[in-house]
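Student: Its first residue numbered 18, the sequence shown is counted upward by one per residue in this note's numbering. Got a structure for you, questions after.
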Amino acid sequence: MPLNQIIRIHGIPKSGSIVAAHLQSADPRLIVVYDPKEADCFVDDIVDTGRTQQLYFDRYQKKTYALFGKGAAQNCIRNVPPTQWVEFPWESQEQTNKEHQDFVVRLLEELGEDASRPALLDTPARFLKAWREMTRGYTMDVKLKAMEIEESLFPTDTHGMIVVRDIEFHSLCEHHLLPFVGKVHVGYLPYKHTIGHSKIPRIVEMYASRLQVQERLGQQICDAIADVVQPKGIGVLIEGSHFCMLMRGVKKEHTTITTSHLKGVFAEDARTRQEFLQLVRN
């Protein structure tokens, strides 16, 4: 940037305005303007999905630069994983919680509700608490959980199939943010080790307690157990009822979606696969 070049910046409300003010105080060549049409570029604190960045470009044909970007976001000083939470010095936990609750208030108002009536006053806080509980899988460290599971491996010389049936799960469809619930059935043929039976439901919970699709949920459960236990083969069968089909759209109350994921001899040998399915159905 030339020594005498003046660049007019506009902070995308509202955290971008704080970034713009700090930049102006650090470099006098950067001048904050309050009309986005007068800006040479825009600044923001973080790029999440990129929608705001794209919106400003489509509207003004000027780039947005940010301190942080999720995933592969462009024009950012630093990129972080999509699931990482970034907290800035000018933010407090109390302020963040209030902003999150404000989102819920606006949602209630969009639905036509009076968010100030007594029965709804505490709804935003209750809603956020419930959603944090339902998505607690994001706070579980997959690698750490794998280490804990490895500690529950036991040497074995048995070669019979082990099946853990009817593991109840609750998850959230990432397409409509509505629940889908059901049962997971897991079977595997040990090679050198077996796993503590209680660990399998915990693996299911870890991956189910987040935004999901049933197909990916089954694959993640299958891969996680296979990576740790190293069995001769493994099968995961999921039966799920999706509220996006029960409450909206086709509104079919008794529809069940069944998905299966097979590895090793479960995928290669028809007799092994049939034994697994029979044990699940019995």
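Glycine residues also receive a C-beta, built at the ideal position from the N, C-alpha and C atoms.
With burial defined as no fewer than 16 other Cβ atoms inside 10 Å of the residue's Cβ, what is the status of methionine 164: buried or exposed?
Tutor: By the 10 Å Cβ count, methionine 164 comes out exposed.
Student: For the ligand HEM, is there any heavy atom lying closer than 6 Å to the beta carbon of glutamine 91?
Tutor: Annotation note on the ligand HEM: not contained in the displayed structure, which lists no ligands.
Student: Would you check if the distance between the CB atom of threonine 276 and the CB atom of serine 258 is smaller than 7 Å?
Tutor: No, Cβ-Cβ distance for threonine 276 and serine 258 is not below 7 Å.
Student: Taking 8 Å as the threshold, find out whether the region 195-203 comes into contact with the region 253-268 through three or more Cβ pairs.
Tutor: Touching, yes.
Student: Taking the alpha carbon of methionine 178 as the point to measure from, which residue in Ile23, Val49 and Pro248 has its own alpha carbon closest?
Tutor: Residue Pro248 is the option with its Cα nearest to methionine 178.
Student: Measuring alpha carbon to alpha carbon, tell me which residue in Tyr155, Ser133, Ile242 and Gly129 is nearest serine 188.
Tutor: Measuring from the Cα of serine 188, the nearest candidate turns out to be Tyr155.
Student: What are the boundary residues of the alpha helix (DSSP H) that alanine 13 is part of?
Tutor: For residue 13 there is no data in the structure shown, the boundaries of the chain being 18 and 299.
Student: State the CB to CB distance for the pair threonine 81 and aspartate 61, rounded to an integer number of angstroms; the pair is presumed to be in contact (CB under 8 Å).
Tutor: With 8 Å as the limit, threonine 81 and aspartate 61 qualify as a contact, their Cβ atoms being about 6 Å apart.
Student: Determine, using beta carbons only, whether lysine 87 and proline 99 come nearer to each other than 7 Å.
Tutor: In contact: lysine 87 and proline 99 (Cβ atoms closer than 7 Å).
Student: Classify proline 53 as helix, strand or coil using the three-state DSSP reduction.
Tutor: Three-state DSSP puts proline 53 in a helix.
Student: In terms of residues, what are the limits of the beta strand (DSSP E) holding glutamate 256?
Tutor: Run containing glutamate 256: 250-259, per the beta strand (DSSP E) assignment.
Student: State the DSSP-derived secondary structure class of asparagine 114, mapped to helix, strand or coil.
Tutor: Looking at asparagine 114 - three-state DSSP - the assignment turns out to be helix.
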